[in-house]
Structures are given as C-alpha cells and as structure tokens.
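Heads up: the sequence shown begins at 1 in the working numbering, then just goes up one per residue.
In this text, a Cβ means the ideal position worked out from N, Cα and C, and glycines have one as well.
Since this is a predicted model, take the numbers as computed values, not measurements.
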Amino acid sequence: MTRRLLQLLIGLAMYGVSLAMFIRAGLGLDPWDVFHQGIAVKTGLSIGTVVVIVSFLVLLLWIPLRQWPGIGTLCNAVLVGVFADIGLALIPAFSHLGGQAGMLAGAILLNGIASACYIGARLGPGARDGLMTGLARRTGWSVRTSRTGIEIVVLGAGWLLGGSVGVGTVLYALAIGPLVQLLLPRFTVPELKVPSPGVAAGVAVAP
Numbered sequence: 001m002t003r004r005l006l007q008l009l010i011g012l013a014m015y016g017v018s019l020a021m022f023i024r025a026g027l028g029l030d031p032w033d034v035f036h037q038g039i040a041v042k043t044g045l046s047i048g049t050v051v052v053i054v055s056f057l058v059l060l061l062w063i064p065l066r067q068w069p070g071i072g073t074l075c076n077a078v079l080v081g082v083f084a085d086i087g088l089a090l091i092p093a094f095s096h097l098g099g100q101a102g103m104l105a106g107a108i109l110l111n112g113i114a115s116a117c118y119i120g121a122r123l124g125p126g127a128r129d130g131l132m133t134g135l136a137r138r139t140g141w142s143v144r145t146s147r148t149g150i151e152i153v154v155l156g157a158g159w160l161l162g163g164s165v166g167v168g169t170v171l172y173a174l175a176i177g178p179l180v181q182l183l184l185p186r187f188t189v190p191e192l193k194v195p196s197p198g199v200a201a202g203v204a205v206a207p
C-alpha cells in the first residue's frame with residue numbers, strides 16, 4: 001500500500017507539472033485543459049484553482065451515474081491543480097519556437113508517465129476518467145465514444161471561452177493513448193495474491 005500511495009502522489013505531482021509545461025509551451029492544451037484555461041481567462045482564477053473546482057463539480061456528476069470515488073480520485077481532484085500552479089510559478093515561458101517545441105514534447109512525455117503512474121497505482125480513477133467510464137457503463141456506449149463526446153464538448157466550450165487550441169492539442173490527442181498503453185504495464189502495481197488457509201499452513205487442499 002505504501003508503494004501505491006507514493007506512486008499515486010508522484011504521478012499526480014508530475015501530471016500537474018506537465019499541465020504547467022503545456023501552458024508555458026504555448027502551442028495548445030489537451031481538451032480538458034483548454035476548458036480549464038478558458039474558465040481561468042474569464043474568471044481571473046489561477047488555472048490550478050479552476051482544475052480543483054471543476055474536479056469536484058465533475059464528481060457531482062458521478063452521483064446519477066452511481067460511480068464511487070477512491071482515495072486516488074480525491075487526491076487527483078486536489079493535487080493536480082496545486083502542482084499545476086507550483087509548476088507555473090517555477091517554469092519560465094519560451095519566446096522561440098525551438099524552446100516551445102521542446103517544452104511541448106517534454107510535457108507530453110511527462111503526462112504519459114504521470115498517467116501511467118497514477119492509473120497503475122489502482123487507487124481510483126480521476127474525476128474526468130470516472131465520468132467517462134461511468135457514462136459508458138450507464139448508457140451502453142463504448143468508452144471511446146463516451147470519451148470522444150465529452151472531450152469534444154469541453155474542447156469546444158474551452159475554445160469559446162478563450163482557451164489555447166493548437167498543434168499541441170492535436171499531438172496530445174495522437175500521442176497520449178499509445179504512450180500510456182506502452183508505459184502502463186511498467187507502472188501497474190500487481191495485486192497481492194492471498195493464499196488460502198490450507199495453502200498458507202502447508203496443507204494440500206482437495207479440489
């Protein structure tokens with residue numbers, strides 16, 4: 001359990017920092033963060049604060065879907081936004097394309113590692129992931145259809161609010177799935193197999 005908690009916390013910290021890197025790259029954000037940034041632009045709140053607020057609002061949508069959060073869900077709702085603001089305070093913006101491109105590539109890679117870490121910890125999905133899977137379960141839609149529909153809505157809303165859409169948005173959409181699929185087996189914490197009482201005592205159990 002200690003490893004799972006530590007991996008969860010490290011993964012969420014990296015995820016928040018990767019969001020800050022996307023913003024500093026200035027080449028476009030992933031759909032949900034376009035939405036977060038758009039709200040931040042309109043309200044004057046920090047993007048980290050918006051991420052936290054939206055996370056808890058999305059969790060309210062879990063109620064009719066009968067989806068239940070885990071400890072990882074609650075940590076995700078708070079810590080990604082906190083570390084996004086910390087990252088923005090520490091990471092400088094780049095004014096030349098080479099630096100922006102390098103920052104974008106680093107952001108995508110770090111986001112993939114972070115996603116594999118917190119998903120692999122198996123302590124509960126993030127609020128937005130849970131909305132996707134819960135909607136798929138309740139409606140009978142595929143997970144892909146649910147995710148695509150949700151992300152089109154938040155991307156459009158975020159763009160209308162002033163969020164940043166660009167080449168980074170496209171590259172993220174193309175790269176993040178294969179990247180997480182590649183990394184997830186390396187970070188998934190295996191379940192402990194609890195032996196039956198007979199096996200634990202060294203006694204053969206009849207079939």
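Would residue i and residue j be called neighbours here (beta carbons separated by less than 9 Å)?
i    : j    : result
F187 : I108 : no
A114 : S18  : yes
N76  : G158 : no
G70  : G124 : yes
L183 : G112 : yes
L104 : M14  : no
Cβ of residue i within 8 Å of any heavy atom in the ligand FMN?
i   : result
L90 : In terms of ligand content, the structure shown is empty, and the ligand FMN therefore cannot be addressed.
If I measure Cβ to Cβ from residue i and keep anything under 6 Å in the same chain, skipping five residues before and after, which residues do I get?
i    : result
L79  : L12
L131 : V58, L61
D208 : Since the first residue shown for the chain is 1 and the last is 207, residue 208 is missing from the structure and cannot be characterised.
Under a three-way DSSP split, which group does residue i fall into?
i    : result
Q67  : coil
R137 : helix
L27  : coil
I176 : helix
M1   : coil
H36  : helix
R144 : helix
Once the 5 residues before and after residue i are set aside, which same chain residues still bring their CB inside 7 Å of it?
i    : result
G134 : W62, L65, Q67
V51  : H36, V80, G81, A84
Since residue i contacts residue j with CB under 8 Å, what's their CB separation in whole angstroms?
i    : j    : result
A25  : G168 : 6 Å
G166 : L27  : 5 Å
Only counting the same chain, and skipping five residues up and downstream in sequence, which positions put a Cβ closer than 8 Å to that of residue i?
i   : result
I47 : L19, I23, D33, H36, Q37, A40, G81, A84, D85, L88
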